[in-house]
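Written below as structure tokens is the structure these notes are about.
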Amino acid sequence: MLGLTPFFLAAWIYNLAQMVGSPWLMLGQSLALATFACIAWPALWSKTDRNAPAEPCVDFLRRLFEAKLRGSLWIRRCMLLLIPAVLASWWGDGPELGAKTFGVHDPSLLNALRGPTPLIVIGVLIALVWLAFREHERKIRRELEKLGT
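With this note's numbering, the residue at position 130 of the sequence shown is 130, and numbering never jumps.
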């Protein structure tokens with residue numbers, strides 16, 4: 001995460017410089033950076049769990065699984081910031097401008113990117129990731145139940 005933070009910050013500054021006239025795109029980019037920071041920074045500052053000399057292994061495993069569960073719940077909550085980021089970027093014609101930046105000039109494709117298709121596709125992807133984290137949390141809870149929590 002520490003290595004990716006300067007990359008995302010540089011991309012954010014570059015994108016803001018390119019979108020000076022579009023407040024919706026600037027808002028979308030800022031919310032996307034806030035989402036990354038919300039997810040990444042707690043991972044950067046969390047201490048590693050170590051087993052104390054007198055601590056039973058089951059207590060160590062319980063602490064480890066509880067920390068994983070808290071982290072997964074945190075990421076799932078932070079993902080909610082992606083919804084307004086995607087909406088703002090879509091509202092500011094971000095998908096169409098992104099395609100034009102990559103050299104796409106096909107009117108039918110640009111017209112499709114102006115419609116709700118990108119919003120629907122990204123919404124489905126966010127929902128799938130949300131559900132994957134929920135399933136991950138269920139597995140962690142099952143492991144905690146096996147440990148007797």
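Heads up, the beta-carbon is just placed ideally off N, CA and C, and yes, glycines get one too.
Next on the checklist: Taking the straight line between their C-alpha atoms, what separation do you get for F102 and I140?
Outcome noted: Numbered from its first residue, the sequence shown carries residue 102 at position 102. Numbered from its first residue, the sequence shown carries residue 140 at position 140. Between the C-alpha atoms of F102 and I140 there is a straight-line separation of about 42 Å.
Checklist entry - With distances taken from CA atoms, which of S72, L25, M19 is nearest R150? => result With the chain represented from 1 up to 149, any question about residue 150 goes unanswered, as that position is not in the structure.
Checklist entry - Which value, in whole angstroms, describes the spacing of the CA atoms of R77 and Y14? => result To locate residue 77, count along the sequence shown from 1; it is residue 77. To locate residue 14, count along the sequence shown from 1; it is residue 14. Using only the alpha carbons, I get a separation of about 28 Å.
Checklist entry - If we count the other Cβ atoms within 10 Å of its Cβ and call it buried at 16 or more, is S108 buried or exposed? => result Sequence index remark: in the sequence shown, residue 108 carries index 108 (1-based). Exposed is the call here.
Checklist entry - Is the distance from the Cβ of R62 to the Cβ of L9 below 7 Å? => result In the sequence shown, counting from the first residue as 1, residue 62 sits at position 62. In the sequence shown, counting from the first residue as 1, residue 9 sits at position 9. One thing to note: R62 has its Cβ no nearer than 7 Å to the Cβ of L9.
Item to check | From L33, A88, D59, residue whose alpha carbon lies closest to that of P23 | outcome: The residue you call residue 23 lines up with position 23 of the sequence shown. The shortest C-alpha separation from P23 is found at A88.
Checklist entry - Quick one: what's got a C-beta closer than 6 Å to F65's C-beta in the same chain, skipping five residues either side? => result For the purposes of this step, residue 65 is taken as the residue at position 65 of the sequence shown. Excluding residues within five positions, the ones whose Cβ falls inside 6 Å are I140, E143, L144.
Checklist entry - Tell me which same chain residues have a C-beta within less than 6 Å of the C-beta of L36, skipping the five on either side of it? => result Counted from its first residue, the sequence shown places residue 36 at position 36. It is worth fixing the name first, because residue 36 is Phe in this sequence and not Leu. The answer, listed in chain order, is F8.
Checklist entry - Cα separation between W90 and I120? => result As a position in the sequence shown, residue 90 is number 90, starting the count at 1. As a position in the sequence shown, residue 120 is number 120, starting the count at 1. One alpha carbon belongs to W90, the other to I120, and they sit about 10 Å apart.
Checklist entry - Which runs of the alpha helix (DSSP H) spanning at least 4 residues fall entirely within the segment 4-84, listed in chain order? => result Complete alpha helix (DSSP H) runs here, min 4: 4-18, 23-45, 57-78.
Checklist entry - How many angstroms separate the CA atom of W12 from the CA atom of Q29? => result Reading the sequence shown from its first residue, position 12 is the one you call residue 12. Reading the sequence shown from its first residue, position 29 is the one you call residue 29. One C-alpha to the other measures close to 7 Å.
Next on the checklist: What does the Cβ neighbour count give for V86, buried or exposed, with the cut at 16 atoms within 10 Å?
Outcome noted: As a working mapping, residue 86 is identified with position 86 in the sequence shown. Flag for V86 reads buried.
Checklist entry - Is P116 helix, strand or coil when you go by DSSP? => result Here residue 116 is taken as the residue at index 116 of the sequence shown, counted from 1. Reduced to three states, the DSSP call for P116 is coil.
Checklist entry - Going by Cα to Cα distance, which pick from E96, Q18, A52, F133 is closest to P116? => result One-based indexing of the sequence shown puts residue 116 at position 116. Cα-wise, what sits closest to P116 is E96.
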